[in-house]
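Residue numbers (this note's numbering): 261 to 665.
Ideal Cβ positions, reconstructed from N, Cα and C, are used throughout, including at glycine.
Given the structure is predicted, the values throughout are model-derived calculations rather than measurements.
What follows is a single structure, written as structure tokens, with notes after it.
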């Protein structure tokens, strides 16, 4: 049986950010029916068989810093993701992997990663090639340039967007592009109308156990979960601090905010000190589960559209109501009561106050959890499996006959 190769030079274990989670969970659930999936990650070569990580070696140097990547982007008129993730040792290992083994399919994480396939003989990759885009890069880089006060970062964003457009115009026919939202798909098709693509939504891990009910009269605890060094998350908490928190802190008795995530920036630490928010950096999965369990609601206070659906599903999967801004309006079908979708601080105040006064029953929290059932990682990976390997039926995993090493 032929296998699948995933090129993901950004992936680090354990996965924390959206792109890493998407790659790792898809790799896990694509590895079924005796097939194995090889992932060339940031610092390691990973082997998955029967939905389990079975081998991990560390031949790579790791990615470049953001500052170095930004400068290289400008100097070489390149793409930020290409300069950050595609290091010489990783590129050499990828070429060696493709030269020595035939795969049934190759999946590239980020458009910049796919550029390596245009620099090697076509005979190395005689199979279907898909590309996870993760975001509408044109909008993502435009938003980054508008939000940044750093001139190097702004210029790097503009240069990256031009590189992406040129690459797609020249090479789009070679790839199947996989977007996480219909909005992203439309954004790319506006730029390159005839590119082949499909939408594979992000997924979530759904806990086996039931959530706890929220007792009436319980002082509210709102929680924000995310990678705390990422610009969009810093901007979200800045927005919450300036727009929502003054009203919530003034009118809600004993309301507390819990900020949870990896690699908090200095600005995040400062925000938490200034507002007396509790900061929990680099928690384990078990600790995160308990924090979700004890919270009243999750907040997604994004001032602009982002890849926030992963955070939304993560909270709902734990039976937690979500309070979000209009940046998540595309998810309005699952952001119904007791969730709140509004840019109005008064609407957030009313919703949180209702949860505090009335509580939330176990049945209501279980219903929130059920909203995420169609988005389990196993379900969404099956969609990609069918498009990469149309003959595969997605039957339950069996003992592998052999494994690639």
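Proximal residues to residue i (C-beta, below 7 Å), its chain only, five neighbours per side dropped
| i | result |
| --- | --- |
| residue 579 | 471, 625, 626, 628, 629 |
| residue 358 | 380, 384, 385 |
| residue 427 | 371, 375 |
| residue 473 | 619, 620, 621, 622, 625 |
| residue 658 | Low local confidence applies: a pLDDT of 30 at residue 658 is under 50, so the model's placement there is unreliable, and no value is given. |
| residue 289 | 311, 637, 638, 641 |
| residue 467 | 549, 577, 578 |
| residue 523 | 487, 488, 489 |
| residue 494 | 525, 527, 528 |
| residue 410 | none |
Contact belief for residue i with residue j at Cβ below 8 Å, rounded distance in angstroms
| i | j | result |
| --- | --- | --- |
| residue 310 | residue 292 | 7 Å |
| residue 342 | residue 372 | 4 Å |
| residue 452 | residue 334 | At roughly 24 Å, the Cβ-Cβ gap does not stay under 8 Å, so residue 452 and residue 334 are not in contact. |
| residue 439 | residue 457 | 6 Å |
| residue 397 | residue 369 | Going by Cβ atoms, the distance from residue 397 to residue 369 rounds to 13 Å, so no, they are not a contact pair. |
| residue 520 | residue 537 | Contact flag wrong, Cβ pair sits at about 10 Å. |
| residue 617 | residue 599 | Not confirmed; about 17 Å, so no contact. |
| residue 544 | residue 561 | 25 Å between Cβ atoms; not a contact. |
| residue 588 | residue 568 | 6 Å |
| residue 403 | residue 339 | At roughly 16 Å, the Cβ-Cβ gap does not stay under 8 Å, so residue 403 and residue 339 are not in contact. |
Cut-off 8 Å between Cβ atoms - residues of its own chain near residue i, not counting five sequence neighbours on either side
| i | result |
| --- | --- |
| residue 509 | 515, 535 |
| residue 272 | 280, 301, 302, 303 |
| residue 336 | 343 |
Nonlocal neighbours in the same chain, by C-beta distance under 6 Å from residue i, ignoring five residues either side
| i | result |
| --- | --- |
| residue 573 | 464, 632, 635 |
| residue 365 | 264, 387, 388, 648 |
| residue 320 | 303, 349, 350 |
| residue 323 | 302, 344, 345 |
| residue 347 | 321 |
| residue 498 | none |
| residue 540 | 520 |
| residue 496 | 561, 562 |
Terminal residues of the beta strand (DSSP E) in which residue i lies
| i | result |
| --- | --- |
| residue 314 | 312–317 |
| residue 457 | 457–459 |
| residue 307 | 305–309 |
| residue 300 | 296–300 |
| residue 283 | It is not in any beta strand (DSSP E) - residue 283 instead sits in the alpha helix (DSSP H) that spans 278–290. |
| residue 266 | 264–267 |
| residue 507 | It is not in any beta strand (DSSP E) - residue 507 instead sits in the alpha helix (DSSP H) that spans 505–511. |
| residue 491 | First-last for residue 491: 491–499, but that is the alpha helix (DSSP H), not the beta strand (DSSP E). |
| residue 474 | Element bounds for residue 474: n/a, residue is neither H nor E. |
| residue 483 | 481–485 |
Start and end residues, alpha helix (DSSP H) containing residue i
| i | result |
| --- | --- |
| residue 640 | 637–648 |
| residue 623 | 622–630 |
* To do: Flag this pair as touching only if the region 453–463 and the region 475–487 have three or more C-beta atom pairs under 8 Å; answer yes or no.
  => no
* Any alpha helix (DSSP H) of 4 or more consecutive residues that is wholly inside the region 522–548 -> 526–535
* Length-filtered (4 minimum) alpha helix (DSSP H) runs lying within the region 358–399 -> 371–374
* To do: Answer yes if the region 641–649 comes into contact with the region 387–395, meaning at least three C-beta pairs across the two stretches below 8 Å, and no otherwise.
  => yes
* Asked: Okay, do the region 328–344 and the region 403–421 touch, 3+ Cβ pairs below 8 Å being the bar?
  -> yes
* To do: Write down every uninterrupted run of the alpha helix (DSSP H) in the region 410–450 whose length is 4 residues or greater and which is fully enclosed by it, in chain order.
  => 411–431
* Asked: Should the region 446–455 be regarded as contacting the region 586–599, the criterion being three or more beta carbon pairs within less than 8 Å?
  -> no
* Uninterrupted alpha helix (DSSP H) stretches inside the region 557–605 (no shorter than 4 residues) -> 569–577
* Complete alpha helix (DSSP H) runs within the region 319–343 (minimum length 4 residues, chain order) -> 326–335
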